[in-house]
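Every position in the sequence shown, counted from 1, becomes a number in our numbering once 20 is added.
Down below is the structure, laid out as structure tokens.
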Amino acid sequence: MKHTTLIAVSVAALALAGCKKEAPAGDAMATSAATDSTIPGVTPAAEVQRSPSQVFADTAAASDAFEIATSQLAADKASSAKVKTFAQQMIKAHTESSKKLESAAASATPKIVPDAAMTAQQQQVLSDLQGKSGAEFDKAYAAAQVNAHQSTLNALKAYATGGDVAGLKSFATEMIPAVTAHFNMAKGL
21 MKHTTLIAVS VAALALAGCK KEAPAGDAMA TSAATDSTIP GVTPAAEVQR
71 SPSQVFADTA AASDAFEIAT SQLAADKASS AKVKTFAQQM IKAHTESSKK
121 LESAAASATP KIVPDAAMTA QQQQVLSDLQ GKSGAEFDKA YAAAQVNAHQ
171 STLNALKAYA TGGDVAGLKS FATEMIPAVT AHFNMAKGL
């Protein structure tokens with residue numbers, strides 16, 4: 021029964037999207053079904069229209085936002101001076117990276133506006149870090165930094181070799197050495 025209902029809601033959402041008709045103003049169920057990204061097989065309209073360059077810009081912006089947020093937390097919660105110093109460096113570096121990304125994205129035609137909204141996974145890691153302190157925090161923060169920098173490095177390398185917006189390709193290429201250095205520093209925490 022649950023599976024049949026899910027299929028029916030998915031079909032209804034696809035039908036609404038295909039017809040480009042909006043649900044009646046009072047029909048919250050239809051509106052929710054048409055826009056709910058949790059329904060298997062239904063892709064939100066915003067994701068359908070994102071170009072690979074927009075996806076890259078959003079990924080890079082979210083990475084910067086994550087690095088800044090977790091490092092601000094580390095500046096307050098870390099017990100190790102080495103972790104606190106690293107966190108201050110990450111805040112500065114990722115604030116600068118965000119500015120460079122915005123400039124590179126603005127040079128695209130059509131203009132790309134990076135969305136710095138963190139992913140659910142990044143938000144979960146941030147939330148987990150908020151609940152830790154002392155040496156436990158330091159260890160979890162270091163692991164999060166290693167993982168985040170590895171992911172960012174992978175995205176930068178992929179876009180540097182296969183991207184289609186010159187400004188963003190230059191940004192990606194320019195950032196690879198810095199992110200590699202951050203990755204190596206994080207592994208040493």
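For glycine and all other residues, C-beta sits at the position ideal for the given N, C-alpha and C.
- Here the C-alpha atom of A163 lies approximately 25 Å from the C-alpha atom of Y179.
- In this structure, A107 places its C-beta atom within 7 Å of the C-beta atom of A94.
- Put simply, of T90, D78, Q165, A186 the residue whose alpha carbon is nearest the alpha carbon of A201 is Q165.
- Within its own chain, the residues whose Cβ lies closer than 8 Å to the Cβ of A82, once the five positions on either side in sequence are excluded, are D135, A136, A137, M138, T139, Q142, listed in chain order.
- In its chain, beyond the 5 residues on either side, A77, I132, P134 have a beta carbon closer than 6 Å to the beta carbon of A125.
- DSSP, read as helix, strand or coil, puts D135 in coil.
- F191 and Q109 have their C-alpha atoms roughly 19 Å apart.
- Inclusion of V145 and L173 in the CB contact set at 7 Å is not warranted, their separation being larger than that value.
- In this structure, DSSP gives G182 a helical state, which the three-state scheme calls helix.
- Boundaries of the alpha helix (DSSP H) harbouring K104: 101-126, taken from the DSSP string.
- Pairing G183 with K177 gives a Cβ-Cβ distance that is not under 7 Å.
- By the C-beta density criterion, S91 is buried, having at least 16 other C-beta atoms within 10 angstroms.
- Setting aside the 5 residues that flank it on each side, H169 is surrounded in the same chain by V199, H202, F203, A206, each with a C-beta closer than 7 Å to its C-beta; the list follows chain order.
- Taking the CA atoms as reference points, V103 sits about 7 Å from D158.
- Just so you know, the alpha carbons of T181 and F86 end up roughly 24 Å apart.
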